[in-house]
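A.B. asks: Chains as they are written, first to last, in this note's numbering: chain R, 1 to 440; chain E, 441 to 541.
Ideal Cβ placement from N, Cα and C applies to all residues, glycine included.
And the structure:
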């Protein structure tokens, strides 16, 4: 391969927009198009979906995304990497092969990366931080895999690589290691490549999404936000940008915000591949929505892999009701105190409870209204042991219509199962990765 | 002077840990952020418990401070009963803090 590769980011979460990825596939002159679609909670939900249907458990939008981008990717020689395999990478690969055949694309090699599911080794997990990993009510346990299996699949000619739980930046590092042949202990290059992957993994968050603040940080044409492209060189440095004639912006400010997103110690960003050092990274504005990344580095990878454990953790029941006009805050307070008292009278004992005034203190607990608001929405949300108990929360809020303060309106209620995510650690030698192949 | 006049912010979440990055618009304001935006100032603005662990990382090269707050998200995004379970609004809320002169 040449001296630089072009990697596009086609999705930053499972329900992300699809048309920006199609635009990238058609006009981006990409070598690789990567879709990051698997949040902490998504994989636990996917495990549940696979229990209900053995053929399911992969990303619900897999087919729609592939149908949209595959024709252009095939034409342009762009290879696809994604964690849309979720709880069933092999099932996802089979579906991808069917979609490709449907589109008349024959002979595509599709690799499924397996090995992240460690439910049968749950007793071996060590604590991550102070909390011991759970062993009861476990619905999922997935180790964060690194770039190795992805790079191997690309080495072996995969047109599409579908994984389950892989560290997000590793989805991008896999193509770099494949293209440049970086050694597994070339920590500086792996660290810089990880920084590039981290910048790309949330797609539009690098190109002006999640950034606009009118009058302070204006961003043009967010409805047509373009997704990012990185042109990465053999030394791990890169130029970040987006397609012409798309909305958004790429600047030192957008890149700095995204570099620090979900970062703890800037000198030790831990992934399965490397301990990356982001503290020495330098961004240089090249104009025309292009920013150069240089600096950065890394040190040896952690000895253990992080495991994300999903546990059944009860049910969340919620109810909301609005009040408006003079005295609305006092009436909303009264409404919530009535609900609180009703729960006690009915013998309902929440595991957690929130009583919020949306518009005043729902985000920052303890904040007070700075002036009399024109309206306020009261919210009661409680985590309960059972679904039946959780339904009672919404019902008690709805009962405020005829039994509560004056002028309450617009009740909404919701109930959902709660899956808690707790992290643990597992020895690397106890996790093995493997590839399974499908041909369209 | 509001923090918002000098800096922008982005909030991230991993499990029950929230991080808020505060980035100076202009390099010459970084010192002022460093002086004025202490861990205690952030703790107060976010109404955190006195014993809640909060750590400030300094990134002079990027004109940024990164605040890492453990246990900030009431059990994390999947478990929390909060309306904004990710805590995504916290960074913007922090920008409303008065920095003084």
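Could you run through the segment 412–427 of chain R and flag, in chain order, every residue whose CB is less than 9 Å away from some CB of chain B?
C.D. replies: In the structure shown, chain B cannot be found, because the protein chains are R and E.
A.B. asks: Just by C-beta distance, which residues in the segment 253–266 of chain R are closer than 9 Å to chain E?
C.D. replies: Flagged, chain order: 253, 256, 257, 258, 259, 260, 261, 262, 263, 264, 265 and 266.
A.B. asks: If we define contact as Cβ-Cβ less than 7 Å, is residue 477 (chain E) a contact residue for chain R?
C.D. replies: Indexing the second chain from 1 puts residue 477 (chain E) at position 37. No, no contact with chain R.
A.B. asks: Compute the Euclidean distance between the alpha carbons of residue 1 (chain R) and residue 103 (chain R), then round it to the nearest angstrom.
C.D. replies: Start at 1 with the first residue of the first chain, and residue 1 (chain R) comes out as number 1. Start at 1 with the first residue of the first chain, and residue 103 (chain R) comes out as number 103. In this predicted model, residue 1 (chain R) has a pLDDT of only 45, less than 50, meaning its place in the structure is not dependable; the value taken from the coordinates is given anyway. Whole-angstrom Cα-Cα distance: 28 Å.
A.B. asks: Using a threshold of 7 Å, state whether the C-beta atoms of residue 427 (chain R) and residue 304 (chain R) are closer than that.
C.D. replies: As a first step, residue 427 (chain R) is located in the first chain; it is residue number 427 there, counting from the start. As a first step, residue 304 (chain R) is located in the first chain; it is residue number 304 there, counting from the start. Their beta carbons are under 7 Å apart, which means residue 427 (chain R) touches residue 304 (chain R) by this criterion.
A.B. asks: Whole angstroms are fine: how far does the CA of residue 498 (chain E) sit from the CA of residue 477 (chain E)?
C.D. replies: The residue you call residue 477 (chain E) lines up with position 37 of the second chain. The residue you call residue 498 (chain E) lines up with position 58 of the second chain. The alpha-carbon atoms of residue 477 (chain E) and residue 498 (chain E) are separated by roughly 11 Å.
A.B. asks: Considering Cα atoms alone, identify which of R:306, R:418, R:391 and R:348 is closest to residue 128 (chain R).
C.D. replies: If you number the first chain from 1, residue 128 (chain R) lands on position 128. The option with the nearest alpha carbon to residue 128 (chain R) is R:306.
A.B. asks: Mind checking which residues open and close the beta strand (DSSP E) that includes residue 320 (chain R)?
C.D. replies: Along the first chain, read from residue 1 onward, the residue named residue 320 (chain R) stands at position 320. First-last of the beta strand (DSSP E) with residue 320 (chain R): 304–324.
A.B. asks: Between the alpha carbons of residue 167 (chain R) and residue 323 (chain R), how many angstroms are there, rounded?
C.D. replies: Residue numbering aside, residue 167 (chain R) sits at position 167 when the first chain is read from its first letter. Residue numbering aside, residue 323 (chain R) sits at position 323 when the first chain is read from its first letter. Approximately 45 Å, taken between the alpha carbons.
A.B. asks: Select from R:63, R:75, R:71 and R:72 the residue whose C-alpha is nearest the C-alpha of residue 82 (chain R).
C.D. replies: What you label residue 82 (chain R) is simply residue 82 of the first chain in a count that begins at 1. The residue with the shortest Cα to Cα distance from residue 82 (chain R) is R:63.
A.B. asks: Taking Cβ positions, are residue 447 (chain E) and residue 460 (chain E) nearer each other than 7 Å?
C.D. replies: What you label residue 447 (chain E) is simply residue 7 of the second chain in a count that begins at 1. What you label residue 460 (chain E) is simply residue 20 of the second chain in a count that begins at 1. Result no, Cβ atoms of residue 447 (chain E) and residue 460 (chain E) do not sit closer than 7 Å.
A.B. asks: In the structure shown, what three-state DSSP assignment does residue 290 (chain R) receive?
C.D. replies: Within the first chain, the letter at position 290 stands for residue 290 (chain R). Residue 290 (chain R) falls in the strand class under three-state DSSP.
A.B. asks: Once you ignore the five residues that flank residue 483 (chain E) on each side, which residues in its own chain have a CB closer than 8 Å to its CB?
C.D. replies: As a position in the second chain, residue 483 (chain E) is number 43, starting the count at 1. For residue 483 (chain E), where only same-chain residues beyond five positions count, the Cβ hits under 8 Å are 490, 492 and 494.
A.B. asks: Please identify, using Cβ separations under 8 Å, the residues of the segment 138–156 of chain R that lie next to chain E, in order along the chain.
C.D. replies: Within the segment 138–156 of chain R, no residue has a Cβ that lies closer than 8 Å to any Cβ of chain E.
A.B. asks: Give me, in chain order, the residues of the same chain whose beta-carbon lies closer than 7 Å to that of residue 410 (chain R); leave out the 5 immediate sequence neighbours on both sides.
C.D. replies: For the purposes of this step, residue 410 (chain R) is identified with residue 410 of the first chain, where counting begins at 1. Within the same chain, residue 410 (chain R) has close Cβ partners 321 and 322.
A.B. asks: Please classify residue 218 (chain R): does DSSP put it in a helix, a strand, or coil?
C.D. replies: Taking the first chain and counting its residues from 1, one reaches residue 218 (chain R) at position 218. Residue 218 (chain R) falls in the coil class under three-state DSSP.
A.B. asks: Kindly list, in the order they appear in chain R, the residues whose Cβ is closer than 7 Å to that of residue 494 (chain E).
C.D. replies: Locating residue 494 (chain E) in the second chain gives position 54, where the first residue counts as 1. The premise fails here: residue 494 (chain E) is roughly 12 Å from chain R at the closest Cβ pair, so nothing lies under 7 Å.
A.B. asks: How do the segment 105–115 of chain R and the segment 80–95 of chain R stand: do at least 3 beta-carbon pairs fall below 8 Å, yes or no?
C.D. replies: These segments touch.
A.B. asks: Give the DSSP-derived three-state secondary structure of residue 348 (chain R) in the structure shown.
C.D. replies: If you number the first chain from 1, residue 348 (chain R) lands on position 348. Of the three classes helix, strand and coil, the one that applies to residue 348 (chain R) here is coil, per DSSP.
A.B. asks: Taking the alpha-carbon positions, what's the residue 336 (chain R) to residue 526 (chain E) distance?
C.D. replies: As a first step, residue 336 (chain R) is located in the first chain; it is residue number 336 there, counting from the start. As a first step, residue 526 (chain E) is located in the second chain; it is residue number 86 there, counting from the start. C-alpha separation (whole angstroms): 23 Å.
A.B. asks: Return the residues of the segment 328–360 of chain R that lie within a Cβ-Cβ distance of less than 7 Å from chain E, sorted by chain order.
C.D. replies: Answer set for the segment 328–360 of chain R: 352, 353, 354, 356 and 358.
A.B. asks: Who are the neighbours of residue 364 (chain R) on chain E, taking C-beta pairs under 7 Å?
C.D. replies: Within the first chain, residue 364 (chain R) is the residue found at index 364, counting from 1. The answer, in chain order, is 486, 487 and 533.
A.B. asks: Could you name the residues of the segment 310–325 of chain R whose beta carbon sits closer than 7 Å to any beta carbon of chain E, in the order they occur along the chain?
C.D. replies: Residues passing the 7 Å Cβ filter: 313 and 316.
A.B. asks: I'd like the list of long-range same chain contacts for residue 18 (chain R), defined as Cβ closer than 7 Å, with 5 residues on each side in sequence excluded.
C.D. replies: Locating residue 18 (chain R) in the first chain gives position 18, counting from the first residue. Cβ neighbours of residue 18 (chain R) beyond the five flanking positions: 64, 65 and 68.
A.B. asks: Starting from residue 384 (chain R), follow its DSSP beta bridges and name the residues at the other end.
C.D. replies: Counting from one through the first chain, the residue named residue 384 (chain R) turns up at place 384. Answer is R:315, bridged to residue 384 (chain R).
A.B. asks: Among R:385, R:328, R:47 and R:242, which has the Cα closest to the Cα of residue 357 (chain R)?
C.D. replies: Locating residue 357 (chain R) in the first chain gives position 357, counting from the first residue. Ranking R:385, R:328, R:47 and R:242 by Cα distance to residue 357 (chain R) puts R:328 first.
A.B. asks: Taking DSSP's pairing of strands, which residues face residue 79 (chain R) in a bridge?
C.D. replies: Along the first chain, read from residue 1 onward, the residue named residue 79 (chain R) stands at position 79. Answer is R:32.
A.B. asks: Please report whether the beta-carbon of residue 472 (chain E) lies at a distance below 7 Å from any beta-carbon of chain R.
C.D. replies: Translated into the one-based positions of the second chain, residue 472 (chain E) becomes position 32. For residue 472 (chain E), the answer is no, since every Cβ of chain R falls outside 7 Å of its Cβ.
A.B. asks: Verify the CB distance criterion: does residue 383 (chain R) have a CB-CB separation below 7 Å to chain E?
C.D. replies: Taking the first residue of the first chain as 1, we reach residue 383 (chain R) at position 383. True, the Cβ-Cβ gap to chain E drops below 7 Å.
A.B. asks: Have a look at residue 209 (chain R) and residue 260 (chain R) and give me their C-alpha separation to the nearest angstrom.
C.D. replies: Residue numbering aside, residue 209 (chain R) sits at position 209 when the first chain is read from its first letter. Residue numbering aside, residue 260 (chain R) sits at position 260 when the first chain is read from its first letter. Near 15 Å, if we compare the C-alpha coordinates of residue 260 (chain R) and residue 209 (chain R).
A.B. asks: Determine the burial state of residue 142 (chain R): buried for a count of at least 16 other Cβ atoms within 10 Å of its Cβ, exposed for fewer.
C.D. replies: For the purposes of this step, residue 142 (chain R) is identified with residue 142 of the first chain, where counting begins at 1. Result: buried.
A.B. asks: Rounded to the nearest angstrom, how far is the Cβ of residue 383 (chain R) from that of residue 417 (chain R), given a contact under 8 Å?
C.D. replies: Within the first chain, numbered from 1, the residue matching residue 383 (chain R) stands at position 383. Within the first chain, numbered from 1, the residue matching residue 417 (chain R) stands at position 417. Not really, about 10 Å apart at Cβ, beyond 8 Å.
A.B. asks: Comparing C-alpha positions only, which one of R:200, R:395, R:378 and R:370 sits nearest to residue 354 (chain R)?
C.D. replies: For this step, residue 354 (chain R) is matched to residue 354 along the first chain. Nearest option by C-alpha distance: R:378.
A.B. asks: Near residue 533 (chain E), what residues of its chain come up, given a Cβ to Cβ distance below 8 Å and the 5 sequence neighbours on each side ignored?
C.D. replies: As a working note, residue 533 (chain E) is residue 93 in the second chain. Only 485 and 486 meet the Cβ criterion.
A.B. asks: Between residue 301 (chain R) and residue 274 (chain R), is the Cβ-Cβ spacing less than 7 Å?
C.D. replies: Counting from one through the first chain, the residue named residue 301 (chain R) turns up at place 301. Counting from one through the first chain, the residue named residue 274 (chain R) turns up at place 274. Cβ distance < 7 Å, so residue 301 (chain R) and residue 274 (chain R) count as in contact.
A.B. asks: Exposed or buried, what is residue 183 (chain R) when buried is set at 16 or more other beta-carbons lying within 10 Å of its beta-carbon?
C.D. replies: Counting from 1 along the first chain, the entry for residue 183 (chain R) is found at position 183. The residue in question, residue 183 (chain R), is exposed, as its Cβ has fewer than 16 Cβ neighbours within 10 Å.
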